[in-house]
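S.K.: Just so we're aligned: 261 in my numbering is position 142 of the sequence shown, and the numbers increase by one with no gaps anywhere. Don't be surprised by glycine CBs; every beta carbon is placed ideally from N, CA and C. Remember, predicted model here, so these are calculated numbers, not experimental data.
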Amino acid sequence: MFMGNFAHKLDPKSRVAIPANWRVVYGQELVMLASTYHDYNILKCYTQQSFAAKLSEIRTRALADGFDMGEVDEYIGVIAGNSFVAEINAQGKLLIPKQQRDRLQLKEMAQLVGRTCHFEVWLPEDFAADNAPKLRKDSLLDKKFRML
């Protein structure tokens, strides 16, 4: 499980260190998906297994909800078209491609945020703004469950 959040420096080759307990087996590939969260650009990083499970879940739920097979295939195609494969190297670092680095406006630091079955890469300032205490305090879910 990917839990916690960590700010890490980008090295000169645009690689970021992954926390040791998040590292998949050396050489195993991750699927990175260019995405957004509350209007902030982020990268979602999945193991291949969790990405395949997510796509399967989307397909199953969408078809059960009455979406047309063509619509579902198109949506999954858009997800696939915004995804790419990345590898954690022997030093436990993940290369963030230039196009994605520019999209997130990463310069020196990256914020890694665990989301249980995947983790996200954020611009640290965006994560801080989105994770402001007021946003959490006003959450209807937190008013119910009181976890934050």
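The beta strand (DSSP E) that contains GLN230, what's its start and end?
M.R.: Within the sequence shown, numbered from 1, the residue matching residue 230 stands at position 111. That run of the beta strand (DSSP E) goes 228-233.
S.K.: Name the two residues that bound the continuous alpha helix (DSSP H) containing MET122.
M.R.: Along the sequence shown, read from residue 1 onward, the residue named residue 122 stands at position 3. Counting along the chain, MET122 falls outside any alpha helix (DSSP H), and DSSP gives it neither H nor E.
S.K.: In whole angstroms, what separates the C-alpha of PRO243 from that of ALA229?
M.R.: The residue labelled residue 243 in the question sits at position 124 within the sequence shown. The residue labelled residue 229 in the question sits at position 110 within the sequence shown. C-alpha separation (whole angstroms): 6 Å.
S.K.: Looking at C-alpha atoms only, which residue of TRP241, LEU231, GLU206 is the closest neighbour of ASP221?
M.R.: Sequence index remark: in the sequence shown, residue 221 carries index 102 (1-based). Per the Cα distances, TRP241.
S.K.: If we define contact as Cβ-Cβ less than 8 Å, is GLN230 a contact residue for chain B?
M.R.: No chain B appears in the structure shown, which is made up of a single protein chain.
S.K.: Mind checking GLU176: buried by the 16 CB within 10 Å criterion, or exposed?
M.R.: As a working note, residue 176 is residue 57 in the sequence shown. Exposed, by the Cβ-count rule.
S.K.: Below 8 Å on the Cβ atoms is my guess for LYS217 versus ILE137; work out the distance and round it to an integer in Å.
M.R.: As a first step, residue 217 is located in the sequence shown; it is residue number 98 there, counting from the start. As a first step, residue 137 is located in the sequence shown; it is residue number 18 there, counting from the start. Contact doesn't hold; Cβ gap of about 19 Å is too wide.
S.K.: What residue does the beta strand (DSSP E) around PHE238 start on, and which one ends it?
M.R.: On the sequence shown, position 119 is the one that residue 238 refers to. Note, PHE238: beta strand (DSSP E), 238-241.
S.K.: Quick one: Cα of ILE215 to Cα of VAL204, how far?
M.R.: Residue mapping note: residue 215 aligns to position 96 of the sequence shown, counting from 1. Residue mapping note: residue 204 aligns to position 85 of the sequence shown, counting from 1. Roughly 11 Å separates the two Cα atoms.
S.K.: From HIS127 to HIS157, what does the alpha carbon distance come to, in whole angstroms?
M.R.: Counting from 1 along the sequence shown, the entry for residue 127 is found at position 8. Counting from 1 along the sequence shown, the entry for residue 157 is found at position 38. Using only the alpha carbons, I get a separation of about 22 Å.
S.K.: Skipping 5 residues on each side, what residues in its chain have a beta carbon closer than 6 Å to that of GLY233?
M.R.: The residue you call residue 233 lines up with position 114 of the sequence shown. Result list for GLY233: PHE121, MET122, GLY123, in chain order.
S.K.: Which word fits MET188, buried or exposed, when buried means at least 16 other C-beta atoms lie within 10 angstroms of its C-beta?
M.R.: Working through the sequence shown from its first residue, we reach residue 188 at position 69. The residue is exposed, with fewer than 16 neighbouring Cβ atoms inside 10 Å.
S.K.: Do you know how far the Cα of GLU206 is from the Cα of HIS237?
M.R.: Start at 1 with the first residue of the sequence shown, and residue 237 comes out as number 118. Start at 1 with the first residue of the sequence shown, and residue 206 comes out as number 87. Approximately 15 Å, taken between the alpha carbons.
S.K.: Ignore the nearest five residues each way along the sequence and tell me which others in LYS173's own chain have a CB closer than 7 Å to its CB.
M.R.: Within the sequence shown, numbered from 1, the residue matching residue 173 stands at position 54. Within the same chain, LYS173 has close Cβ partners TYR165.
S.K.: Going by the beta-carbon positions, is the gap between GLU239 and LEU149 smaller than 8 Å?
M.R.: Counting from one through the sequence shown, the residue named residue 239 turns up at place 120. Counting from one through the sequence shown, the residue named residue 149 turns up at place 30. It is not a contact, given that the beta carbons lie outside the stated cut-off.
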